[in-house]
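This report refers to the structure that appears directly beneath it.
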Amino acid sequence: MFEAIRENAGTIVLSLLLLGAVTGIIAKLFRDKKKGKSSCGCNCGCCPMASSCHKA
Amino acid sequence: MVTNRFLGLPIFAAVMFLVYWIAMVAVGTPATDWVNDNLFGDGYHLFGNGAAQYEKAAERYGDTDVILSAFAEQYGIEIDEENPEASLNALLAAVPEDAEVTYITQDEETLETEEHPGTGKADLQAAAAEYLSTEDGYKSGVGAPDPAAYGTWVPGIPALVESGLDAINAADWLKGLILDGIIAGVGAVLGFVPQMLVLFFLLAFLEACGYMARIAFVLDRIFRKFGLSGKSFIPMLIGVGCGVPGIMASRTIENERDRRMTIMTTTFIPCSAKVPFIAMIAGAIFQKSAWVATSAYFIGMAAIIVSGIMLKKTKRFAGEPAPFVMELPAYHWPTLGNVLRSMWERGWSFIKKAGTIILLSTILVWFLSRFGVADGAFRMLEEDELELSILAKVGGWIAWIFAPLGFGTWQATVASITGLIAKENIVGTMGILYGGTKTYANLAASFTGIAAYAFLVFNLLCAPCFAAIGAIRREMNNAGWTWFAIAWQCGFAYAVSLMIYQFGGLFTGNVNIIGLIAAAAVLCVMIYMLFFKKYQEATKLTRKV
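From first to last, the protein sequence lines stand for chains L and H. Taking my numbering, the leading residue of the first sequence gets 1, the next gets one more, and so forth. Taking my numbering, the leading residue of the second sequence gets 1, the next gets one more, and so forth.
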């Protein structure tokens with residue numbers, strides 16, 4: 001058992017890291033969606049329609 | 001001057017040609033090619049140190065490997081890489097003086113094959129000498145010249161990661177996931193970054209100096225005729241390179257209806273990722289006719305005009321006429337900081353997306369295409385067992401949908417589906433599914449001319465790749481509109497392909513009466529929408545501006 005874990009240590013660690021990254025991405029996508037944030041980089045500020053949504 | 005009635009258009013065409021040329025040809029293509037072939041490819045020579053020597057060696061080495069293996073196959077002697085000299089001598093002894101073989105070379109990008117008949121024993125002797133040569137300055141070992149042996153060699157990311165994975169003794173499935181899935185998929189997308197940054201820079205400059213406002217003014221009169229805004233031209237022009245920045249460029253269109261229409265129609269223009277696919281169909285089935293590629297662009301433009309007019313007459317796009325009110329700013333030099341910031345904001349959002357949505361989708365596709373039920377057990381598949389994968393199974397279920405278009409096979413269906421991940425995938429998938437070096441012959445055997453053209457047109461017009469769908473989703477900022485755009489694109493592609501295949505059948509004597517009636521019905525609907533249906537647009541402006 002211990003031997004098997006030690007032999008595949010690299011695979012296990014790497015797949016856990018990958019799993020963590022994927023979970024993080026999904027969580028971030030959900031969080032952004034809940035916040036109503038669009039996935040574009042500069043948010044409402046650089047949208048040409050911004051002036052009609054956010055009246056000064 | 002630039003808004004002059006007559007001079008405005010030619011000046012605009014020249015400016016846009018320049019922007020396109022700088023972004024796509026002068027800077028973009030070399031930069032993108034460099035990223036794809038080197039950074040995400042095998043590797044590169046640092047500052048070009050050693051590249052020239054390697055190229056010279058590779059040119060001299062030529063088709064040596066292919067010639068040797070053609071003779072080896074013909075005379076049943078295997079070339080032993082451990083001890084090549086002995087096996088080559090055995091081969092030379094076995095080949096008679098008057099021997100002639102045909103060897104086949106393949107183009108890496110389009111998978112086009114070329115036959116070289118009449119290769120004699122002299123060629124074999126030359127090839128054997130090249131193979132064994134360790135001449136100083138030519139190559140350092142037997143076999144093909146190794147680029148790493150010249151100058152300063154920096155291995156590509158896949159090679160680096162592979163050696164890292166080997167070092168920690170990673171399992172095969174993990175290696176496959178990271179190399180074939182994540183790096184291949186995300187790398188292909190990141191390859192567009194340099195091209196897009198240049199393009200965004202130039203567009204930001206045109207916007208900031210005040211020219212963009214004037215372009216829209218000049219083009220508005222023409223584009224209004226088929227429901228688009230004057231600013232729609234820019235996204236379409238950019239769309240020739242890649243649909244993603246094309247769709248993003250629609251941000252400059254303030255009017256919501258015009259912007260949505262532009263987003264929906266921009267990807268009809270064949271993007272650069274579709275070019276190898278067009279070349280493949282032209283080469284395999286139409287004897288490399290240049291008309292295939294030319295017609296692809298004309299079909300794209302016709303699709304924009306036709307669907308623009310048709311969409312404009314639907315309820316979704318009806319409503320108040322958008323007033324074209326625009327302040328024309330005085331010309332001025334923009335500040336460098338402004339232009340750079342604008343470029344970086346747009347580019348960074350693209351890079352972030354590659355790290356999130358695209359990363360997830362590449363993992364999913366890798367899983368679907370590499371796993372399946374083989375020999376009664378669910379397991380990871382070998383390279384040549386692709387037809388057992390989950391993706392192939394699903395393709396088999398829905399292949400019947402494409403039967404009226406003439407390509408109802410699971411291979412063509414799967415190629416179309418993987419084309420959704422990235423259009424470059426179509427060529428790669430066809431290459432795997434239609435068997436390696438004989439791809440062209442197999443394609444010619446399984447497609448008739450009309451069916452192949454219908455297949456080409458469907459893949460050119462249907463929903464773009466996921467990256468572009470993501471861009472559509474972001475620019476529309478509304479799920480309903482995104483789905484409507486995808487449905488319209490797929491429906492339009494289906495209708496056009498149906499007409500091509502069914503009406504084409506009339507000329508080749510391959511008539512299916514039900515299909516023909518359906519195609520005729522589609523044509524009638526289109527003609528009605530184009531020429532007879534009235535616009536639902538209001539003629540009065542009620543909105544306060």
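Beta carbons are placed, not taken as given, at the ideal position from N, Cα and C, and that holds for glycine. Since the model is a prediction, treat every value here as computed from it, not as a measurement.
- Residues of chain L with a Cβ closer than 9 Å to the Cβ of leucine 360 (chain H) are, in chain order, Val22, Ile25, Ile26 and Leu29.
- Looking at the DSSP output, methionine 380 (chain H) bridges to H:Phe371.
- In the three-state scheme derived from DSSP, where H, G and I count as helix and E and B as strand, serine 389 (chain H) is classed as strand.
- Asparagine 169 (chain H) reaches chain L at Glu7, Asn8, Ala9, Gly10 and Thr11, counting residues in chain order whose Cβ is nearer than 9 Å.
- Residue-level contact check: threonine 482 (chain H) does not touch chain L, since none of the beta carbons of chain L fall below 8 Å from its beta carbon.
- The three-state secondary structure of threonine 335 (chain H), taken from DSSP, is coil.
- Using beta-carbon distances, leucine 16 (chain L) does not count as an interface residue toward chain H, since no partner is under 8 Å.
- By the Cβ-count criterion, tryptophan 397 (chain H) is exposed, with fewer than 16 other Cβ atoms from all chains shown falling within 10 Å of its own Cβ.
- Listed in chain order, the positions of the stretch 361 to 385 of chain H with a beta carbon within less than 9 Å of a beta carbon of chain L are Ile363.
- At a cut-off of 8 Å between C-beta atoms, leucine 197 (chain H) does not count as an interface residue with respect to chain L.
- Under a criterion of Cβ atoms nearer than 7 Å, the residues of chain L adjacent to leucine 174 (chain H) are, in order, Thr11, Leu14 and Ser15.
- In this model, phenylalanine 402 (chain H) and threonine 409 (chain H) are separated by some 8 Å (Cα to Cα).
- Put simply, the stretch 8 to 15 of chain L touches the stretch 157 to 173 of chain H. At least three CB pairs are less than 8 Å apart.
- A residue is called buried when at least 16 other Cβ atoms come within 10 angstroms of its Cβ; leucine 364 (chain H) does not meet this threshold and is exposed.
- By a beta-carbon distance limit of 8 Å, glycine 120 (chain H) contacts glutamate 100 (chain H). Their separation comes to about 6 Å.
- Of all C-beta pairs linking the stretch 461 to 475 of chain H to the stretch 266 to 275 of chain H, three or more are shorter than 8 Å, placing the two stretches in contact.
- Listed along the chain, the chain L residues whose CB falls inside 8 Å of the CB of threonine 266 (chain H) amount to none; the nearest CB is some 16 Å away.
- Looking from the CA of alanine 148 (chain H), the closest CA among H:Phe233, H:Leu228, H:Val218 and H:Leu46 belongs to H:Leu46.
- Contact between the stretch 482 to 498 of chain H and the stretch 303 to 321 of chain H is present: 3 or more CB-CB pairs across the two stretches fall below 8 Å.
- Your pair phenylalanine 40 (chain H) and glycine 187 (chain H) checks out as a contact, with CB atoms roughly 4 Å apart and the cut at 8 Å.
- Straight-line spacing of the CA atoms in proline 194 (chain H) and alanine 377 (chain H) works out to 45 Å.
- In the DSSP assignment, glutamate 112 (chain H) falls outside any beta strand (DSSP E) and carries neither an H nor an E.
- DSSP, read as helix, strand or coil, puts proline 464 (chain H) in coil.
- The Cβ atoms of aspartate 80 (chain H) and serine 69 (chain H) do not sit closer than 8 Å to each other.
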